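Numbered by my numbering, the letters in the sequence shown go through residues 23 to 959 in order. Just so you know, even glycine gets a beta-carbon here, dropped at the ideal spot from N, CA and C. Computed from a predicted structure; not experimentally measured.
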Amino acid sequence: MIGGLSFVFANPAMLAALVALPVIWWLLRMTPPRPAAEVFPPLRILASVIKREETPSKSPWWLTLLRMLMAAAVIFAIADPVFNPRSNTLATSGPLALLIDNSWAAAPDWERRVEAASALIDDAEAKDLAVSIVFTGERQHDATPGSAGTARNRLAAVGPEPLPADRRSAIAAMQTAFRDAPPGTIAFITDGIEAEDGKTMETLAGIGAADLKVIEADGSQAVALTDSSNESNGMAVMASRLKTDDSRSLPIVAFDARGRAIANGTIDFAPGAATAKGTIEAPFELRNDFARIGIEGAATAGATHLLDDGFRRRRVALLSGEARDLSQPLLSPLYYINRALAPYADLVEPRETDLAVAIPELLQQRPSVLIMADIGRLPEETYPLLAKWIDNGGTLIRFAGPRLAAAPADDPLVPVTLRQGERALGGALSWSEPQPLADYPLNSPFAGMPRPTDILVKRQVLAEPTADLVERTWANLADGTPLVTTAARGTGRIILFHVSAEATWSNLPISGHFVEMLRRSVQLSRSGGIAAEDRAAQPQTLPPYRLLNADGLIVAETANARPLDIVPGKAPLATPENPPGLYGSEDGFTALNLLPRDAQLKRIDMAAAGPYTSERLTAAESWSLKPALLTLALLLLLADAAIVLFMGGAFSRSRMAKAATALFLVMAAAALLPPPQALADDARPDDARILERLDTTHLAYVVTGEEDVDRLSESGLRGLTDFLTYRTTLEPGAPVGLDIAKDELSFYPIIYWPISASAPMPSPQTVSRIDAYMRAGGTVLFDTRDQFSSLGASSGGTSPNAERLQAILANLDIPPLEPVPADHVLTKAFYLLTNFPGRYTGSPLWIEAQLDNREELSDRPARSGDGVTPIMITGNDFAGAWAVDSNGVAVLPTVPPDEMQREYAFRSGVNIMMYMLTGNYKADQVHVPALLERLGQ
């Protein structure tokens with residue numbers, strides 16, 4: 023390619039073929055077109071005799087011109103013209119100075135930046151100019167001019183860095199290198215983002231170059247994530263972009279520690295907005311698995327936000343020494359704690375007021391923090407539970423109050439030894455005044471927070487002076503007495519606020535300062551990672567563990583990074599010595615992100631640059647006209663072929679008429695042929711039966727293949743159907759026998775399955791159909807008909823039917839089972855029942871266990887678990903008790919003979935059917951009076 027021109031030919035020697043165009047013109051002019059063919063009929067010949075037949079001896083001029091253009095297009099295409107609008111005007115008064123941003127924002131189009139820089143180096147080499155090249159992402163800058171080859175080597179060895187551009191140091195190096203003589207041209211290949219000082223162009227113009235070029239990506243779309251917070255409704259993510267007048271929606275994705283995408287959301291920028299906020303909606307437990315957040319499709323370090331244990335929402339359990347008064351919530355000890363932590367934590371409260379029950383119940387929910395407001399002595403049995411929980415990493419936060427002040431001094435769950443009683447500050451009987459807060463110690467997690475001047479403490483519990491009291495104090499009053507103390511226990515911690523959690527002892531709980539103190543205290547409760555006591559105690563140094571590269575990927579290469587210094591109250595910043603990444607170890611780490619919180623991207627201010635030349639990064643690209651010229655030649659060739667065919671008579675009227683006639687005959691034949699028969703989807707033979715099943719409720723039983731068992735099942739369900747019709751408003755249809763291997767099961771709310779050891783064992787596919795039926799909401803009533811009363815029995819007395827049932831259940835995903843509790847809805851769905859007999863009595867009716875209600879009071883009128891049990895098991899032979907003949911006479915006697923037992927067997931069947939059809943409506947109904955009373959109705 024010939025440099026220095028905007029339009030060049032890659033193969034200029036091929037243009038010599040243009041000399042042959044006159045020869046081609048002469049040849050084409052002397053070549054007549056093909057003669058037209060005439061039809062033979064005599065009348066046609068006689069008619070043509072009258073005319074003077076003329077045949078041109080030369081090609082028409084316009085056809086010759088068309089062919090000449092086609093030949094010229096081919097010649098120019100072979101010569102390969104290349105269009106390159108890049109300006110190649112370098113000042114020759116001095117060296118070329120290249121200032122290149124290799125920051126995080128340059129990563130997506132770094133190859134294009136390298137090509138633009140290479141083209142400038144080529145131009146400088148063609149004019150025999152020295153080249154100075156400086157990168158804004160390097161630790162050390164050397165702007166000394168050198169040869170073009172040296173500049174190329176440096177350009178090839180450098181890549182984008184996961185850091186902001188450090189232009190201040192880079193420009194300072196250029197000022198030093200060109201102190202005596204300014205460069206001829208300064209070419210600034212930039213990412214378009216302004217530095218912190220906002221004087222990039224002003225300092226560049228001050229170097230005094232004869233020419234200043236600014237090369238920027240076309241319509242720079244740099245976007246960076248700046249912050250995230252785990253809020254109550256989801257993960258809030260903040261982002262910043264270079265301000266434009268367009269709106270933009272960015273998809274964001276949350277990844278876990280293994281790099282799997284587990285949640286997503288969007289960030290929407292309004293027109294003209296430089297910052298935006300998006301939300302990733304996910305459950306609390308899933309959000310705690312987030313390891314990093316990224317912008318989908320943006321492979322930069324700025325588009326990745328790393329997370330550590332500090333962002334996770336803690337589960338905080340709240341416990342108070344007194345019952346909450348709903349009519350006076352502002353006096354509740356937990357009111358202000360709840361309001362302060364609700365945006366930052368998942369709060370749980372006990373259902374019982376008895377602490378012996380409430381504390382184990384709360385600890386079973388695995389909270390990170392337990393807050394106790396004004397609780398003095400705990401039940402004796404709870405101390406070992408709390409001590410073990412704290413040793414395993416739990417954080418106990420206690421607030422003082424009258425009960426704690428009156429508690430014995432030997433409480434093992436306070437961080438310091440307390441004096442009995444409380445200290446009153448101010449009032450008629452006190453010489454002291456209410457005390458403000460003092461500055462926070464450096465070893466406190468509150469270090470860095472401004473000391474509030476409007477908070478006054480009127481009462482407190484005092485700590486006994488000890489040698490380590492200062493080390494255990496996180497906050498003091500102005501008189502030096504502790505306000506917040508702490509102590510490490512095992513891997514956990516105990517924190518004590520020496521004031522109450524409501525506003526009677528101080529105005530701290532009603533201040534915004536209280537929110538930040540609680541938030542920081544809760545954030546210290548780490549389920550894993552750097553120990554909270556180590557972070558809070560003093561500055562520490564963390565080695566690099568995993569680093570972020572310019573493409574936004576986590577890499578294990580950490581050789582060029584230095585340890586990170588963590589100073590309480592001071593957020594670390596990403597630097598060349600401490601690039602973004604994770605610092606610590608596998609056991610725990612801290613995330614250092616590219617941009618600090620609330621950072622905002624701004625465009626470079628060009629107003630102070632003076633005269634300069636602006637170029638787009640895309641302008642450095644060249645493109646060839648060869649494909650377009652070859653396409654033009656092909657189109658001309660097709661046009662020439664069509665013209666020749668027309669002149670040869672290929673499109674004469676007679677031929678077109680013949681083609682039209684043939685098309686008409688084909689269409690006529692198609693119209694005369696009989697159309698294909700359009701068949702609708704014929705009704706299937708069993709459609710009527712399906713509609714009947716949908717219209718009427720039917721009791722169904724499993725056909726076992728044994729005639730006597732199936733006959734008894736049909737008679738039993740027919741007897742129950744008659745009983746339901748006479749005693750209730752339900753009028754079921756005739757019982758249905760099911761082949762569970764192929765019949766549709768979803769029409770029936772419950773299926774009765776008599777177990778027989780001699781019947782064929784159902785196939786795995788059949789069992790899978792039953793499992794799917796139960797998952798979809800259906801219920802199967804298994805009846806072993808042998809008074810089987812223990813599902814876990816393995817003794818030799820187990821009946822064959824029970825063994826068969828165990829074999830069937832082994833392939834089903836069944837829930838835990840329990841006998842029907844006395845307060846279950848089954849006992850009161852229609853009749854009031856205490857047991858569920860059949861032909862036999864003594865076997866319990868097993869249903870799905872209500873595990874979530876195992877701690878509820880046993881005298882509760884009804885259980886509140888939603889849904890219906892998918893499985894029932896009995897051994898009482900229900901069908902044997904329900905079976906009647908055509909005259910309504912019982913087929914089999916009960917054991918022992920008792921007609922009331924048969925009556926209760928029918929009532930059991932009625933309750934089961936009502937439970938299947940209506941669920942736990944009785945459980946809701948019994949609460950209606952209590953709800954109306956609470957609503958004041």
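For this session: Tell me whether SER778 is buried or exposed, calling it buried when 16 or more other Cβ atoms sit within 10 Å of its Cβ.
Result: For the purposes of this step, residue 778 is taken as residue 756 along the sequence shown, with counting starting at 1. Under this definition SER778 is a buried residue.
Exercise. In chain order, what residues of the same chain lie with their CB nearer than 7 Å to the CB of THR916, ignoring the 5 residues before and after it?
Worked result: In the sequence shown, residue 916 corresponds to position 894, counting from 1. Excluding positions up to five away in sequence, the list reads ARG861, ALA903, GLN923 and ARG924.
Exercise. Between the C-alpha atoms of ILE895 and LYS850, what's the straight-line distance to the nearest angstrom?
Worked result: Within the sequence shown, the letter at position 873 stands for residue 895. Within the sequence shown, the letter at position 828 stands for residue 850. Approximately 19 Å, taken between the alpha carbons.
Exercise. Under three-state DSSP, which class holds VAL577?
Worked result: Within the sequence shown, numbered from 1, the residue matching residue 577 stands at position 555. Three-state DSSP puts VAL577 in a strand.
For this session: Mark PRO205 as exposed unless 16 or more other C-beta atoms lie within 10 angstroms of its C-beta, in which case mark it buried.
Result: For the purposes of this step, residue 205 is identified with residue 183 of the sequence shown, where counting begins at 1. Buried, because 16 or more other Cβ atoms sit within 10 Å of the Cβ of PRO205.
Problem set entry | Of the residues LEU658, ALA613, SER908 and LEU575, the one placed nearest GLY281, counting alpha carbons only | For this step, residue 281 is matched to residue 259 along the sequence shown. For the residues LEU658, ALA613, SER908 and LEU575, the minimum Cα distance to GLY281 belongs to LEU575.
Problem set entry | ALA510 CB to nearest heavy atom of the ligand NAP below 7 Å | Inclusion of the ligand NAP in the displayed structure is not the case, the ligand content being empty and no account of it being possible.
For this session: Name the residue from MET471, GLY610, ALA525 and PRO594 whose alpha carbon lies nearest to the alpha carbon of ILE359.
Result: For the purposes of this step, residue 359 is identified with residue 337 of the sequence shown, where counting begins at 1. The residue with the shortest Cα to Cα distance from ILE359 is ALA525.
For this session: Using only alpha-carbon positions, find the residue among ILE532, ILE477, SER250 and GLY398 that is nearest to LEU617.
Result: For the purposes of this step, residue 617 is identified with residue 595 of the sequence shown, where counting begins at 1. Comparing Cα positions, the closest option is SER250.
Problem set entry | Cβ neighbour criterion (16 or more within 10 Å) applied to LYS480 | The residue given as residue 480 occupies position 458 in the sequence shown. Buried, since its Cβ has 16 or more Cβ neighbours within 10 Å.
Problem set entry | Of the residues SER547, GLN809 and VAL506, the one placed nearest PHE339, counting alpha carbons only | Locating residue 339 in the sequence shown gives position 317, counting from the first residue. Looking at the sequence shown, residue 339 is not Phe but Ala. When each option's Cα is compared against that of ALA339, the closest is SER547.
Problem set entry | beta strand (DSSP E) segment containing GLU870, residue limits | Within the sequence shown, the letter at position 848 stands for residue 870. Residue range 868 to 870 is occupied by the beta strand (DSSP E) that includes GLU870.
Problem set entry | Buried versus exposed, by CB contacts within 10 Å (16 or more), GLU608 | As a first step, residue 608 is located in the sequence shown; it is residue number 586 there, counting from the start. So GLU608 ends up on the exposed side.
Problem set entry | With 16 other Cβ atoms within 10 Å as the buried cut-off, status of ALA38 | As a first step, residue 38 must be located in the sequence shown, where it is residue number 16. Its Cβ having fewer than 16 others within 10 Å, ALA38 is exposed.
For this session: Grab the span of the alpha helix (DSSP H) containing TYR358 for me, first residue to last.
Result: The residue you call residue 358 lines up with position 336 of the sequence shown. TYR358 -> alpha helix (DSSP H) spans 357 to 363.
Exercise. Going straight from the alpha carbon of ALA578 to that of GLY319, what length do you get?
Worked result: In the sequence shown, counting from the first residue as 1, residue 578 sits at position 556. In the sequence shown, counting from the first residue as 1, residue 319 sits at position 297. Whole-angstrom Cα-Cα distance: 23 Å.
For this session: Give the DSSP-derived three-state secondary structure of HIS535 in the structure shown.
Result: Position 513 of the sequence shown, counted from the first residue, corresponds to residue 535. Reduced to three states, the DSSP call for HIS535 is helix.
Exercise. Among the residues of its own chain, which have a CB less than 7 Å from the CB of GLU555, if the five just before and after it don't count?
Worked result: Numbered from 1 along the sequence shown, position 533 holds the residue referred to as residue 555. Bear in mind that the predicted position of GLU555 carries a pLDDT of just 37, short of 50, making it too unreliable to give a figure here.
Exercise. If you draw a straight line from the alpha carbon of ASP490 to that of GLU444, how long is it in whole angstroms?
Worked result: Stepping through the sequence shown from its first residue, residue 490 is reached at position 468. Stepping through the sequence shown from its first residue, residue 444 is reached at position 422. ASP490 and GLU444: Cα-Cα distance of roughly 22 Å.
Exercise. Helix, strand or coil for SER354 per DSSP?
Worked result: Reading the sequence shown from its first residue, position 332 is the one you call residue 354. The answer is coil: DSSP assigns SER354 none of H, G, I, E or B.
For this session: Would you tell me roughly how many angstroms separate the C-alpha atoms of ILE588 and PRO843, rounded to the nearest one?
Result: As a working mapping, residue 588 is identified with position 566 in the sequence shown. As a working mapping, residue 843 is identified with position 821 in the sequence shown. Spanning the two alpha carbons is a distance of roughly 58 Å.
Exercise. Does DSSP put THR896 in a helix, in a strand, or in coil?
Worked result: Position 874 of the sequence shown holds residue 896. Strand.
Problem set entry | Alpha-carbon spacing of GLU766 relative to ALA794, whole angstroms | In the sequence shown, residue 766 corresponds to position 744, counting from 1. In the sequence shown, residue 794 corresponds to position 772, counting from 1. So the alpha carbons of these two residues sit roughly 12 Å apart.
Exercise. In this structure, does DSSP put TRP527 in helix, strand or coil?
Worked result: For the purposes of this step, residue 527 is taken as the residue at position 505 of the sequence shown. If DSSP states are grouped into helix, strand and coil, TRP527 belongs with coil.
For this session: Could you check if ARG161 is buried or exposed, using at least 16 other CB atoms within 10 Å of its CB as the buried criterion?
Result: The count along the sequence shown starts at 1 and reaches residue 161 at position 139. Label assigned to ARG161: exposed.
Exercise. Can VAL259 and ILE302 be called in contact, C-beta distance under 8 Å?
Worked result: The residue labelled residue 259 in the question sits at position 237 within the sequence shown. The residue labelled residue 302 in the question sits at position 280 within the sequence shown. The answer is yes: Cβ separation under 8 Å.
Problem set entry | Where SER115 falls: helix, strand or coil (DSSP) | Start at 1 with the first residue of the sequence shown, and residue 115 comes out as number 93. If DSSP states are grouped into helix, strand and coil, SER115 belongs with coil.
Exercise. With respect to the alpha helix (DSSP H) encompassing THR222, which residues constitute its N-terminal and C-terminal limits?
Worked result: One-based indexing of the sequence shown puts residue 222 at position 200. Unbroken alpha helix (DSSP H) run through THR222: 222 to 227.
Exercise. What is the residue span of the beta strand (DSSP E) that PRO406 lies within?
Worked result: By 1-based counting over the sequence shown, the position of residue 406 is 384. It is not in any beta strand (DSSP E) - PRO406 instead sits in the alpha helix (DSSP H) that spans 404 to 413.
Problem set entry | Three-state secondary structure assigned by DSSP to ARG749 | As a working mapping, residue 749 is identified with position 727 in the sequence shown. Three-state result, ARG749: helix.
For this session: Can you check DSSP and say which residues form a bridge with ILE419?
Result: The sequence position of residue 419 within the sequence shown is 397, counting from 1. Beta-bridge pairing links ILE419 to ILE393 and ILE517.
Exercise. What separation, rounded to the nearest whole angstrom, lies between the Cα atoms of ASP963 and ASN310?
Worked result: The question about residue 963 has no answer here: the residues shown for the chain are numbered 23 through 959.
Problem set entry | Of the listed residues PRO649, ARG791 and ASN933, nearest to PHE98 (C-alpha basis) | Here residue 98 corresponds to residue number 76 of the sequence shown, with the count starting at 1. The shortest C-alpha separation from PHE98 is found at PRO649.
For this session: Along the beta strand (DSSP E) that carries VAL917, what are the first and last residues, could you check?
Result: The residue labelled residue 917 in the question sits at position 895 within the sequence shown. Here VAL917 belongs to no beta strand (DSSP E), and DSSP marks it neither H nor E.
Exercise. Would you call the CB atoms of PRO167 and PRO130 closer than 8 Å?
Worked result: Here the question's residue 167 lines up with position 145 in the sequence shown. Here the question's residue 130 lines up with position 108 in the sequence shown. Cβ atoms of PRO167 and PRO130: not closer than 8 Å.
For this session: Can you tell me which of the three DSSP states GLY287 falls into?
Result: Walking along the sequence shown from the start, residue 287 turns up at place 265. Note: GLY287 maps to strand in three-state DSSP.
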